[in-house]
Amino acid sequence: AHNPRSRLAGFRVAQLVPGIGPASAKRLLDAMAGAPEPLVALRAFKPPPAAKADWAEFCAVYEALLPSQAAGDVGTWPADFDQAKRWYLPRLEQLYDDHTARRIDLDQLGQLTGGYPSRERFLTELTLDPPDATSAESGAPHRDEDYVILSTIHSAKGQEWKAVFMLNVVDGCIPADLATGSREDIDEERRLLYVAMTRAKDHLHVMVPQRFYVTQQGSGGDRHVYGARTRFIPAALEPLFELTASEAVARAHEPLAQPGKTIDLAARARSRWG
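Counting from -17, one number per residue, gives the positions in the sequence shown under my numbering.
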C-alpha cells in the first residue's frame, strides 16, 4: 500500500490471500499498473472463486493503509503496522510451521516502530539495514544448501555424503611419502583410498593435479613440480572413470590453428591504383 506501483512487493503480498496464485497475482498487478488509480483497479478486480471470501477484507486493509495525500502517513503511524499485523497473523499460521517464532519477530518489530517518525522512514531503515537473525529460541543449527564439509580420510570413516571430492590423489599424497617403507604400509594406504572413495553416495570426483607449487626454490627455479596419479589407480582402471580436464589443459591439447592464405597488400594496391 505504501508503494502501489511496486510489482515485487505486490506480487508477494497478493499471494498471501488464500486462493490467489502467481497467475492471478500477475493479472491483478497488470490491471493496477495500467490504471490511473491502483485502488480503483483493485476494487474492480475479479478474484478466483477460492479467494472471494477473503478478498473484501484484503481490499479494505489495502485502502486503510494507503498514505494520506494531505498529511502523509504521520498521523496514522505506527497504528498502520498494528493493522497490517492483525491481517497478516492468520496467514502466518497457515504458511509457516515455525509461525510462533515468526510472530515473536513481528512483536519485536512492532516495538521498534515507535522509534521512527513515519512509515516511510521505518521502511527505508529496515530495507537498508535488515536484521541478521531472528528471535527464535536456540535449537539445532540450520545449514545453507551449499555448505561444504572438510574432512580427513580417517575422520570420514563411517560417514557418507551425496557428493565427495578427493583432493591430491597423486603419489606422495596417497600413498604418502612417509608411508611406503613396507608392504604393510602401502596396503594400509590403499585401504584409506578405498575408504575415501566409498564415502560418496551419488557423485565421486577424484582430483589429480598436474603440478604442485613450490615456495622454497632458488631464483632460477620454475616454482613447481609435476605430480603423478596414485599407483592405486593404474591405466587399466581408466575405463571405469570419466576423465575430464580443466579448460586450460583442454585448450593446451587443441590443434593449432592453420595460418590463412598470405595476401600481398602492396601488390593489390598497385594493381588498383597503378
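Think of the CB as a built atom: it goes at the ideal place given N, C-alpha and C, for glycine as much as any other residue.
So if DSSP puts Y208 in a beta bridge, which residue, or which two residues, is it bridged to? R193
Where does K34 sit, in a helix, a strand or coil, going by DSSP? helix
Taking three-plus beta-carbon pairs below 8 angstroms as touching, is the segment 207 to 215 in contact with the segment 185 to 196? yes
Please return the same chain residues whose Cβ sits closer than 7 angstroms to the Cβ of L105, not counting the five positions on each side in sequence. H(-16)
Tell me which residues share the same chain as F(-7) and place their Cβ nearer than 8 angstroms to its Cβ, disregarding the 5 neighbours each side in the sequence. P4, A7, K8 and L11
Would the segment 15 to 30 count as touching the segment 57 to 76 if we require 3 or more Cβ pairs under 8 angstroms? no
Nearest-angstrom Cβ-Cβ length linking G92 and D64, presumed shorter than 8 angstroms: 7 angstroms
Whose C-alpha, out of D184, F27, Y129 and M179, is nearest the C-alpha of A138? M179
Can you give the Cα-Cα distance for D153 and L175, rounded to whole angstroms? 12 angstroms
Exposure label - M148; buried when at least 16 CB within 10 Å: buried
For F223, count the other beta carbons within 10 Å of its own beta carbon; 16 or more makes it buried, fewer makes it exposed. Which is it? exposed
Excluding the 5 residues preceding and the 5 following A251 in the sequence, name in chain order all residues of the same chain whose CB lies nearer than 8 angstroms to its CB. none
For L47, three-class secondary structure by DSSP: helix
Among R84, A23 and R103, whose alpha-carbon lies nearest the alpha-carbon of W59? R103
Quick one, are the C-beta atoms of A182 and E171 less than 9 angstroms apart? no
So if DSSP puts H185 in a beta bridge, which residue, or which two residues, is it bridged to? A145
For the alpha helix (DSSP H) containing P216, list its first residue and its last residue. Where P216 is concerned, there is no enclosing alpha helix (DSSP H), given that its DSSP letter is neither H nor E.
Buried or exposed: which applies to T134, given that a residue is buried once 16 or more other Cβ atoms fall within 10 Å of its Cβ? exposed
How is G(-8) classed by DSSP in three states: helix, strand or coil? helix
Since I believe P0 is in contact with A32 (beta carbons under 8 angstroms), could you give me their beta-carbon distance rounded to a whole number of angstroms? 7 angstroms
Around the Cβ of A227, are there at least 16 other Cβ atoms within 10 angstroms (buried) or fewer (exposed)? exposed
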